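A.B. asks: Chains as they are written, first to last, in the numbering used here: chain A, 771 to 1129; chain B, 771 to 1129.
#1: Write down every uninterrupted run of the alpha helix (DSSP H) in the segment 984–1067 of chain B whose length is 4 residues or greater and which is fully enclosed by it, in chain order.
#2: Going straight from the alpha carbon of residue 908 of chain B to that of residue 1084 of chain B, what length do you get?
#3: Just to confirm the assignment, what range does the alpha helix (DSSP H) spanning residue 1095 of chain B have?
#4: Quick one: using the 10 Å Cβ neighbour count with 16 as the cut-off for buried, is residue 926 of chain A buried or exposed?
#5: For residue 775 of chain B, go through chain A and note every residue whose CB falls closer than 9 Å to its CB, in chain order.
#6: Name the residue from B/1065, B/1094, B/1087 whose alpha carbon lies nearest to the alpha carbon of residue 997 of chain B.
#7: Consult DSSP for residue 956 of chain A and reduce its assignment to one of helix, strand or coil.
#8: At which residues does the alpha helix (DSSP H) containing residue 846 of chain A begin and terminate?
#9: Under three-state DSSP, which class holds residue 828 of chain A?
#10: For residue 924 of chain B, does the three-state DSSP call read helix, strand or coil?
#11: Does the segment 925–944 of chain B come into contact with the segment 1110–1128 of chain A, if we say contact requires no fewer than three beta-carbon pairs (one atom in each stretch) closer than 8 Å?
#12: Of all Cβ atoms in chain B, is any one closer than 8 Å to the Cβ of residue 797 of chain A?
#13: Starting from residue 986 of chain B, find everything on chain A with Cβ-Cβ shorter than 9 Å and list it in chain order.
#14: Run through DSSP, which three-state label would residue 978 of chain B get?
#15: What first and last residue would you give for the alpha helix (DSSP H) that runs through residue 836 of chain B?
#16: When the cut-off is 8 Å and only beta carbons count, does residue 1107 of chain A lie next to chain B?
#17: Are the beta-carbon atoms belonging to residue 912 of chain B and residue 960 of chain B less than 8 Å from one another?
#18: Looking at residue 962 of chain B: is its Cβ nearer than 8 Å to the Cβ of residue 916 of chain B?
#19: By Cβ distance, which residues of its chain are closer than 6 Å to residue 958 of chain B, with the 5 residues on each side in sequence left out?
#20: Looking at the structure shown, is residue 778 of chain A part of a helix, part of a strand, or coil, going by DSSP?
#21: Between the segment 1019–1047 of chain A and chain B, which residues of the former have CB atoms less than 8 Å from a CB of the latter, in chain order?
#22: Looking only at its own chain, which residues have a Cβ that is under 6 Å from the Cβ of residue 780 of chain A, when we skip the five neighbours before and after it?
#23: Taking the beta strand (DSSP E) that residue 811 of chain B falls in, what are its first and last residues?
#24: Does the separation of the CB atoms of residue 831 of chain B and residue 814 of chain B fall below 8 Å?
#25: Would a C-beta distance cut-off of 8 Å place residue 976 of chain A and residue 1025 of chain A closer than the cut-off?
#26: Residue 1009 of chain A touches chain B at which residues, Cβ-Cβ below 7 Å?
#27: Quick check on residue 1117 of chain B: does DSSP put it in helix, strand or coil?
#28: For residue 1080 of chain B, would you say it is in contact with chain A, using Cβ-to-Cβ distances shorter than 8 Å as the test?
#29: Mind pulling the chain A residues with CB within less than 7 Å of residue 787 of chain B?
#30: Does residue 966 of chain A pass the burial test, meaning 16 or more other C-beta atoms within 10 Å, or should it be called exposed?
#31: Between the alpha carbons of residue 894 of chain B and residue 969 of chain B, how many angstroms are there, rounded?
#32: Just tell me which of A/1043, A/899, A/802 has its CA closest to the CA of residue 870 of chain A.
#33: Does the count of Cβ pairs from the segment 1026–1042 of chain B and the segment 785–793 of chain B closer than 8 Å reach three?
#34: If you run the structure through DSSP and keep just helix, strand and coil, what is residue 907 of chain A?
#35: Between the C-alpha atoms of residue 862 of chain B and residue 823 of chain B, what's the straight-line distance to the nearest angstrom?
#36: Could you round the C-beta distance between residue 994 of chain A and residue 986 of chain A to whole angstroms and report it? I think they count as a contact, below 8 Å.
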């Protein structure tokens, strides 16, 4: 059985495309209880972007702080309860922000129509009913959250996505101008999420020509953005990285992520570390999995003089390392892709703990 | 305003993916009057593929002959009337064949719910109601009809597509094994449709980084398939060309086709010439529009020893040439892309007639 992949329904791409948001929403304002919910990264509160949110009188706008932690099931449940109690089921949910905000918008669109805690639905195809219309406006590039079938949430017992066809956005607005003000470190860490998606996608048993076509093009764009004479946060590179993020996301969706994401999820679960930097911390030490790609990653780190935290494990307890290894070990779909269906014979929890101790 | 592009809802890719068709349809069999309509290229009648069509007792199967002409509005109206009179509105329409069959399936899915002749809807956003579920299984690679927003039809007065969001397939099954038996000339002509899409997409005012990302990757794949040591109809190249077709179609959808397609439409309208070969006949003589790409095209023609008809115009009447020039000249969106908004000042109908006389 080959995967049957759900696309984003509609995509707009181009500098200034955010200005088309109000027009795009106008067709959807007659559904359910006739109001829109905007979930916006708190970073944009009192910034110029906040004035460009096309909220009407009946709409709700939430500025969500996702600096301190990745999206949690508790956060989704709280937002959902507030919306339903105050106004009912919205016509649509619009996320404006980075990968975390994309995931909040995606999860929330499902949870306004599905009962109980979002933690009940962490996994593949556990969601029972379609959600409401949801639209993503990414303001960082690299996560692939704009096109993935997953809304990744950290719950009481695991970090795992709500994954189903209904998770995928109905509409995405790709406006590269919005990424102009991303701080340099975050630009790099998030961009590396895309680079790592492509490397993981190509390094495993689920790789295929469809994933290769998207992944090769995304890698080419990453190299133009992060290496070479025209590297850096320029308008043209912002366009390229936004497309690379989409293509990298599509490559991994039709293939799978691997070892780096497994380690990264452990770091995020135990220490609340943001996904982009957690990926970089892990990838830095995964040469036995990803070979030359790790050298290329280090070249990009040096080129942009980015600080990748080292020697973190000296401050970690055995219990914390053990817990991270548990989280990582349980992501069997990632290990199956990376090492094959017999991965359990090739890799033990102790191996994972040893690798965490290098970080 | 940037284009808001409608994606195919769902895509399966991989050798043997046709076997998933019955399972995919099973979810849709409860809609409307509960039967499916299969539109299959007559080429497959009494061939092994015909036995793999998963039609149930209540379904209708039409083997359509599209060898003699491209899809016409009359053909669509006839099929629609037969289906509605005999069984009502189907749950879905499934097209299995090349670009023409894709276009028939797309047009028919719209015309079972929209009244009057399909010739009423030739143009942009003229269709009034959404169609029924429709699924495409391409058996040739290159046309991009699997992903385009257009069902191209030849009507009594023009060759022009039914173009709207609803035209796009709900599901596409990309099974590269199905292209294994495409005759060599057709493989080449249809593959060149993809090559030409990419060149036209990049040679005009609507080009952008989104189109470039898809187009560059499609061109890279075309070059691997049609030039170099591993060129030819091999299983891996069939995979590559199928993806190139999709990517080329997405590149042009977010940009536009240009001069070659305008000339090609004239050839098809007046002489009923198939789209792939008509493109090749025109592109061969368009060096002032497409420069080095025409030399590269000729290199591929030589490499595969393909016969591109020459000196056709010696058999054409002035009236026929004039009619072709009229058809081509009226495709203003293509000329705007190719030459700019002031294209009317740069190009006359006489110029078009002169170029037709070279062919």
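No residue lacks a Cβ here, since even glycine has one placed at the ideal position from N, Cα and C.
Everything numeric in this text was worked out from a predicted model, so none of it was measured.
C.D. replies: Short version:
#1: 1005–1024, 1029–1041, 1045–1053, 1057–1060
#2: Stepping through the second chain from its first residue, residue 908 of chain B is reached at position 138. Stepping through the second chain from its first residue, residue 1084 of chain B is reached at position 314. The alpha-carbon atoms of residue 908 of chain B and residue 1084 of chain B are separated by roughly 36 Å.
#3: Along the second chain, read from residue 1 onward, the residue named residue 1095 of chain B stands at position 325. That run of the alpha helix (DSSP H) goes 1088–1099.
#4: Translated into the one-based positions of the first chain, residue 926 of chain A becomes position 156. Answer is exposed; the Cβ neighbour count stays below 16.
#5: Stepping through the second chain from its first residue, residue 775 of chain B is reached at position 5. Near residue 775 of chain B (Cβ distances below 9 Å), the residues of chain A are 780, 781, 782, 783.
#6: In the second chain, residue 997 of chain B corresponds to position 227, counting from 1. Nearest of B/1065, B/1094, B/1087 to residue 997 of chain B, Cα basis: B/1065.
#7: To locate residue 956 of chain A, count along the first chain from 1; it is residue 186. Helix.
#8: On the first chain, residue 846 of chain A is found 76 positions in, with the first residue counted as 1. Taken as a continuous stretch (DSSP letters only), the alpha helix (DSSP H) holding residue 846 of chain A covers 843–856.
#9: Translated into positions along the first chain, residue 828 of chain A becomes position 58. In the structure shown, residue 828 of chain A sits in coil (DSSP, three-state: anything other than H, G, I, E or B).
#10: On the second chain, position 154 is the one that residue 924 of chain B refers to. Note: residue 924 of chain B maps to strand in three-state DSSP.
#11: no
#12: Numbered from its first residue, the first chain carries residue 797 of chain A at position 27. For residue 797 of chain A, the answer is no, since every Cβ of chain B falls outside 8 Å of its Cβ.
#13: Numbered from its first residue, the second chain carries residue 986 of chain B at position 216. By Cβ distance, chain A contributes 987, 990.
#14: Here the question's residue 978 of chain B lines up with position 208 in the second chain. Note: residue 978 of chain B maps to coil in three-state DSSP.
#15: Walking along the second chain from the start, residue 836 of chain B turns up at place 66. Residue 836 of chain B -> no alpha helix (DSSP H), and no H or E assigned at all.
#16: Start at 1 with the first residue of the first chain, and residue 1107 of chain A comes out as number 337. No, residue 1107 of chain A lies away from the interface with chain B (no Cβ there is under 8 Å from its Cβ).
#17: As a first step, residue 912 of chain B must be located in the second chain, where it is residue number 142. As a first step, residue 960 of chain B must be located in the second chain, where it is residue number 190. Remark: C-beta atoms of residue 912 of chain B and residue 960 of chain B approach each other more closely than 8 Å.
#18: One-based indexing of the second chain puts residue 962 of chain B at position 192. One-based indexing of the second chain puts residue 916 of chain B at position 146. A distance of 8 Å or more separates the beta carbons of residue 962 of chain B and residue 916 of chain B.
#19: Residue mapping note: residue 958 of chain B aligns to position 188 of the second chain, counting from 1. Result list for residue 958 of chain B: 1074, 1076, in chain order.
#20: Numbered from 1 along the first chain, position 8 holds the residue referred to as residue 778 of chain A. Residue state, collapsed to three classes: coil.
#21: Of all residues in the segment 1019–1047 of chain A, 1024 have a Cβ within less than 8 Å of some Cβ in chain B.
#22: Position 10 of the first chain holds residue 780 of chain A. Within the same chain, 941 come within 6 Å of residue 780 of chain A by CB-CB distance, once the 5 residues on both sides are set aside.
#23: Taking the first residue of the second chain as position 1, residue 811 of chain B is located at position 41. Start and end: 806–811.
#24: Within the second chain, residue 831 of chain B is the residue found at index 61, counting from 1. Within the second chain, residue 814 of chain B is the residue found at index 44, counting from 1. The answer is no: Cβ separation not under 8 Å.
#25: One-based indexing of the first chain puts residue 976 of chain A at position 206. One-based indexing of the first chain puts residue 1025 of chain A at position 255. Yes, they are a contact pair.
#26: What you label residue 1009 of chain A is simply residue 239 of the first chain in a count that begins at 1. Chain B residues near residue 1009 of chain A: 979.
#27: Start at 1 with the first residue of the second chain, and residue 1117 of chain B comes out as number 347. Residue state, collapsed to three classes: coil.
#28: Indexing the second chain from 1 puts residue 1080 of chain B at position 310. With 8 Å as the cut-off, residue 1080 of chain B does not count as an interface residue toward chain A.
#29: On the second chain, residue 787 of chain B is found 17 positions in, with the first residue counted as 1. Going along chain A in sequence order, the residues near residue 787 of chain B (Cβ under 7 Å) are 772.
#30: In the first chain, the residue the question calls residue 966 of chain A occupies position 196. The residue in question, residue 966 of chain A, is buried, as its Cβ has 16 or more Cβ neighbours within 10 Å.
#31: The count along the second chain starts at 1 and reaches residue 894 of chain B at position 124. The count along the second chain starts at 1 and reaches residue 969 of chain B at position 199. About 23 Å.
#32: Locating residue 870 of chain A in the first chain gives position 100, where the first residue counts as 1. For residue 870 of chain A, the nearest C-alpha among the options comes from A/1043.
#33: no
#34: Taking the first residue of the first chain as 1, we reach residue 907 of chain A at position 137. Strand, per DSSP.
#35: Your numbering for residue 862 of chain B matches position 92 in the second chain. Your numbering for residue 823 of chain B matches position 53 in the second chain. Approximately 14 Å between the Cα atoms of the pair.
#36: Counting from 1 along the first chain, the entry for residue 994 of chain A is found at position 224. Counting from 1 along the first chain, the entry for residue 986 of chain A is found at position 216. 13 Å between Cβ atoms; not a contact.
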